[in-house]
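For the sequence shown, this note's numbering begins at 31 and goes up steadily by one. In this text, a Cβ means the ideal position worked out from N, Cα and C, and glycines have one as well.
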Amino acid sequence: MIRKLRLAFQSLAWIGLLLPLAVSAQSGALRERLLQRHGAAAQHESRGPVNLPPGARLVQGVAYGSDPLQRLDVYLPAHASAAPVIFMVHGGGWRRGDKAARGVVQNKIDRWLPRGFVVISTNYRLLPDAPPLQQAQDVARALALAQRKAPSWGADPRAFILMGHSAGAHLVALLSAEPALAREQGAQPWLGTVSLDSAALDVVQIMQGRHPRLYDDAFGSQPADWLAASPYQQMRGRMAPFLAVCSSQRRKSCPRAHDFARKAKAFGGEARVLEEDLTHGQINAELGSPSDYTDAVERFMSSLGPAVARRLGATPPGRSSR
């Protein structure tokens, strides 16, 4: 009888130890889903007219394909001449989002148009009509058109910086890791890439573990599809300079960003990780507002070339990784 009681108490002790771990793992996945959903909803709900800085103008709805979503908007500074270009790709879980959302563009045009940049924000086809790989092809096609038209907008086709948030960060990371995807759509090389809080840098790792359902909707159940859409696995050589901004409030975002950066450096590329104590949505919406965060992103941008550095009032530093 005593032995049975001892075993019962031991079992209860083990349950007491393991239950918090199980709850923690489950709550971590739930927290990740809530942060993803909150970021997408905040971006989706931040619609409304964008306020242009003085002298700026908007070229709206430039078509790069026949689908209504294959459109981009071009924000031009006053008197643009050989201007560098920030090419922005919105997020929204590969299923929603819009190029004209205030959270996508407002702080960015407020910050960079007065400094002589052109800002382009593009839409692309969404789930369920187009899986992420086709979405990346859309982004590449939009990039190619923008590069061809750049001189007519007073922009430099050789001075593009790719930028994307959430699902858009995954898409620009995929094009950066496998630039052949961009070349196939007619795009030319760009200066560098800023990925704003993508936790989908290693799709294979995500799909093999516990993950929110939105990844199933995006990447399906076939390992071959995971591989084809995974920036980490598609990286097979040196790529353009890359900045991965990640939210330290998300459990897996920064570790995966560091893994991606390590692989890029192993191929001889420049890759940096910028950890920020901001939510998933704030990583996007607050970029461009006066802050240490914006300054840190601009230090990376300044390293991409003298034309960019001059407009940011900086001397281009050496391209040493950190």
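- Task: Please name the residue, chosen from P181, A166, D289, G184, that lies closest to L157 on a Cα-to-Cα basis.
- Result: The sequence position of residue 157 within the sequence shown is 127, counting from 1. Of P181, A166, D289, G184, the residue nearest in Cα terms is A166.
- Message: Let me confirm a value: S333 is counted as buried when at least 16 other C-beta atoms fall within 10 Å, else exposed. Which label applies?
- Response: What you label residue 333 is simply residue 303 of the sequence shown in a count that begins at 1. It is buried - the Cβ of S333 has at least 16 other Cβ atoms within 10 Å.
- Flag this pair as touching only if the segment 217 to 227 and the segment 271 to 282 have three or more C-beta atom pairs under 8 Å; answer yes or no. In this structure the segment 217 to 227 touches the segment 271 to 282; the number of beta carbon pairs closer than 8 Å is three or more.
- Query: Straight-line CA distance for A174 to V80?
  - Reply: To locate residue 174, count along the sequence shown from 1; it is residue 144. To locate residue 80, count along the sequence shown from 1; it is residue 50. If you take the alpha carbons of A174 and V80, they lie about 25 Å apart.
- Message: If you follow the beta strand (DSSP E) that P187 is in, where does it begin and where does it stop?
- Response: For the purposes of this step, residue 187 is taken as residue 157 along the sequence shown, with counting starting at 1. 185 to 195 is the span of the beta strand (DSSP E), which, as asked, contains P187.
- Would you call the segment 94 to 107 and the segment 145 to 157 in contact, with 3 or more CB pairs under 8 Å? yes
- Keeping to the same chain, check which residues put their C-beta closer than 7 Å to that of S277; ignore five residues upstream and five downstream. The sequence position of residue 277 within the sequence shown is 247, counting from 1. If you ignore the 5 residues before and after S277, its C-beta comes within less than 7 Å of the C-beta of D227, S283, E306, L308, T309, H310, I313, all in its own chain and listed in chain order.
- CB contact flag (P114, A294, <7 Å): Here residue 114 refers to the residue found at position 84 of the sequence shown. Here residue 294 refers to the residue found at position 264 of the sequence shown. No, they are not a contact pair.
- Could you check the C-alpha separation between Q215 and D97 for me, to the nearest Å? Start at 1 with the first residue of the sequence shown, and residue 215 comes out as number 185. Start at 1 with the first residue of the sequence shown, and residue 97 comes out as number 67. Their Cα atoms are separated by approximately 16 Å.
- Query: Does the beta-carbon of S251 have 16 or more other beta-carbons within 10 angstroms, so that it is buried, or is it exposed?
  - Reply: In the sequence shown, counting from the first residue as 1, residue 251 sits at position 221. So S251 ends up on the exposed side.
- Message: Can you tell me where the alpha helix (DSSP H) holding S283 begins and where it ends?
- Response: As a working note, residue 283 is residue 253 in the sequence shown. Counting along the chain, the alpha helix (DSSP H) containing S283 begins and ends at 283 to 296.
- Query: Which value, in whole angstroms, describes the spacing of the CA atoms of A339 and R240?
  - Reply: As a working mapping, residue 339 is identified with position 309 in the sequence shown. As a working mapping, residue 240 is identified with position 210 in the sequence shown. Each residue's alpha carbon lies about 42 Å from the other.
- With DSSP run on the structure shown, which of helix, strand or coil describes E328? Sequence index remark: in the sequence shown, residue 328 carries index 298 (1-based). Three-state DSSP puts E328 in a helix.
- Message: Less than 7 Å between the C-beta atoms of A207 and M265, yes or no?
- Response: Counting from 1 along the sequence shown, the entry for residue 207 is found at position 177. Counting from 1 along the sequence shown, the entry for residue 265 is found at position 235. Yes; because the gap between Cβ atoms is below 7 Å, this pair is in contact.
- Message: Suppose you measure from the CA of A86 to the CA of I139; what does that come to, to the nearest Å?
- Response: Locating residue 86 in the sequence shown gives position 56, counting from the first residue. Locating residue 139 in the sequence shown gives position 109, counting from the first residue. A86 and I139: Cα-Cα distance of roughly 9 Å.
- Task: Classify P162 as buried or exposed, calling it buried when 16 or more other Cβ atoms lie within 10 Å of its own Cβ.
- Result: Taking the sequence shown and counting its residues from 1, the one referred to as residue 162 is at position 132. Buried.
- Item | Inter-residue Cα distance where the pair is G299 and R268 | Start at 1 with the first residue of the sequence shown, and residue 299 comes out as number 269. Start at 1 with the first residue of the sequence shown, and residue 268 comes out as number 238. Their backbone Cα atoms lie some 5 Å apart in a straight line.
- Let me know if H68 comes out buried or exposed under the rule of 16 or more other beta-carbons within 10 Å of its beta-carbon. Translated into the one-based positions of the sequence shown, residue 68 becomes position 38. Residue confidence for H68 is low, a pLDDT of 46 falling below 50, so the modelled location carries little weight and cannot support an answer.
- Item | Reference D128, options Q164, N137, P84, L99, closest by Cα | To locate residue 128, count along the sequence shown from 1; it is residue 98. Of the residues Q164, N137, P84, L99, the one whose Cα lies closest to the Cα of D128 is L99.
- Nearest-angstrom Cα distance between P219 and L244? In the sequence shown, the residue the question calls residue 219 occupies position 189. In the sequence shown, the residue the question calls residue 244 occupies position 214. The straight-line gap from Cα to Cα measures roughly 31 Å.
- Query: Based on Cα-Cα distance, which residue from G95, A259, A254, D186 lies nearest to A199?
  - Reply: Against the sequence shown, residue 199 aligns to sequence position 169. That would be A259, whose Cα lies nearest to the Cα of A199.
- Task: Express the C-alpha separation of P187 and A180 in angstroms, rounding to a whole number.
- Result: Residue numbering aside, residue 180 sits at position 150 when the sequence shown is read from its first letter. Residue numbering aside, residue 187 sits at position 157 when the sequence shown is read from its first letter. Rounded to whole angstroms, A180 to P187 spans 5 Å at the Cα level.
- Task: Can you check DSSP and say which residues form a bridge with R266?
- Result: On the sequence shown, position 236 is the one that residue 266 refers to. Per DSSP, none; premise fails for R266.
- Tell me whether F297 is buried or exposed, calling it buried when 16 or more other Cβ atoms sit within 10 Å of its Cβ. If you number the sequence shown from 1, residue 297 lands on position 267. It counts as exposed.
- Start and end residues, beta strand (DSSP E) containing A274: Locating residue 274 in the sequence shown gives position 244, where the first residue counts as 1. From DSSP, the beta strand (DSSP E) with A274 extends over 272 to 277.
- Task: Buried or exposed for R280, please, with buried defined as at least 16 other CB atoms from any protein chain shown within 10 angstroms of its CB.
- Result: Here residue 280 refers to the residue found at position 250 when the sequence shown is read from its first residue. R280 comes out buried.
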